[in-house]
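Colleague:
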Amino acid sequence: MRKRIVLFGDSITAGATHGHPTPVFSDKLRQALAPVAVELINRGVLGDNTEGGLARIVPDVLEHKPDIVVIFFGTNDVQVPGMTKEHYQANLTSMIQQIGAEKCILITPGITGPSRQEHRPLDLLKQYAQATVKTAEEQQVPVVDWFQEASRHEASTILQRDDLHYRPVAYDLLLEKLVPLVLQKLG
Numbered sequence: 001m002r003k004r005i006v007l008f009g010d011s012i013t014a015g016a017t018h019g020h021p022t023p024v025f026s027d028k029l030r031q032a033l034a035p036v037a038v039e040l041i042n043r044g045v046l047g048d049n050t051e052g053g054l055a056r057i058v059p060d061v062l063e064h065k066p067d068i069v070v071i072f073f074g075t076n077d078v079q080v081p082g083m084t085k086e087h088y089q090a091n092l093t094s095m096i097q098q099i100g101a102e103k104c105i106l107i108t109p110g111i112t113g114p115s116r117q118e119h120r121p122l123d124l125l126k127q128y129a130q131a132t133v134k135t136a137e138e139q140q141v142p143v144v145d146w147f148q149e150a151s152r153h154e155a156s157t158i159l160q161r162d163d164l165h166y167r168p169v170a171y172d173l174l175l176e177k178l179v180p181l182v183l184q185k186l187g
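Just so you know, full-length UniProt numbering puts 55 at position 55 of the sequence shown, and the rest follows in order with no gaps.
1) Which one of Val143, His87 and Thr13 has the shortest CA to CA distance from Asp48?
2) Mapping DSSP to helix, strand and coil, what is Asn76?
3) Taking Thr132 and Thr108 to be in contact with their CB atoms under 8 Å, please state how far apart those CB atoms are, rounded to whole angstroms.
4) So, using beta-carbon positions, are Phe8 and Val69 closer together than 7 Å?
5) On the CB-based measure, 16 or more other CB atoms within 10 Å of its CB, does His18 come out buried or exposed?
6) Return the CA-CA distance between Val144 and Gly82, expressed in angstroms with no decimal places.
7) Which ranges would you report for the alpha helix (DSSP H) in the region 11-96 if only whole runs of at least 4 residues count?
8) Is the distance from the Cβ of Val6 to the Cβ of Val61 below 7 Å?
9) Determine, using beta carbons only, whether Ala101 and Gln160 come nearer to each other than 7 Å.
10) Pull up the distance between the alpha-carbon of Gln148 and that of Ala155, whole angstroms please.
11) From the DSSP output, read off the bridge partner residues of Gly9.
12) Got a sec? Which residues, its chain only, sit under 7 Å from Phe73 by beta carbon, not counting five neighbours each side?
13) Taking Leu164 as part of the beta strand (DSSP E), name the residues at either end of that continuous run.
14) Could you pull the start and end residues of the beta strand (DSSP E) that Ile107 belongs to?
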């Protein structure tokens, strides 16, 4: 029986390239999990944050009755007026509680390039990444510290020209950390 995995997040989850969603993240994950047969449902929405995610969690996640949900928000949350780290953490916690901790994997926000750092500064992204890790620990769910991993690389080598979205090579790096966690949950 095929296991159902939902990728739940923003435009980075959606594999945005030149402002449009692409299947790059889903396709690379499917290939990395082969020969395990999975049904992947990508519910990445361009421009979304945890507030929007909570508003659409029922139709985009819960109604699919997933076995695993990869929650990947944060990059847009840092620029939302009034969105504190505590509010962000509360939103992640609510998602985990609605889905079930045993089904969840969190991914922290990553990095941005120089042209995006006025509204998404690296120090703030790092704080939100740390808040994601803290939430994962509190809720006892696995987490990929994508900020830490992405920070090891020159931004221009993993980011598209927009300094926000990722090149395919970045998804390869992300999957090196994510796939073992997914396989562990798949049993």
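Glycine included, C-beta positions come from ideal geometry on N, C-alpha and C.
Modeller: Walking through what the data contain:
1) Thr13
2) Reduced to three states, the DSSP call for Asn76 is coil.
3) 4 Å
4) yes
5) By the beta-carbon neighbour count (other beta carbons within 10 angstroms, threshold 16), His18 is exposed.
6) 26 Å
7) 24-33, 50-55 and 57-60
8) yes
9) No, Cβ-Cβ distance for Ala101 and Gln160 is not below 7 Å.
10) Spanning the two alpha carbons is a distance of roughly 13 Å.
11) Gly44 and Phe72
12) Gly9, Asp10, Asn49, Thr50 and Gly53
13) Premise fails: Leu164 is in no beta strand (DSSP E) and is neither H nor E.
14) Cys104 to Ile107
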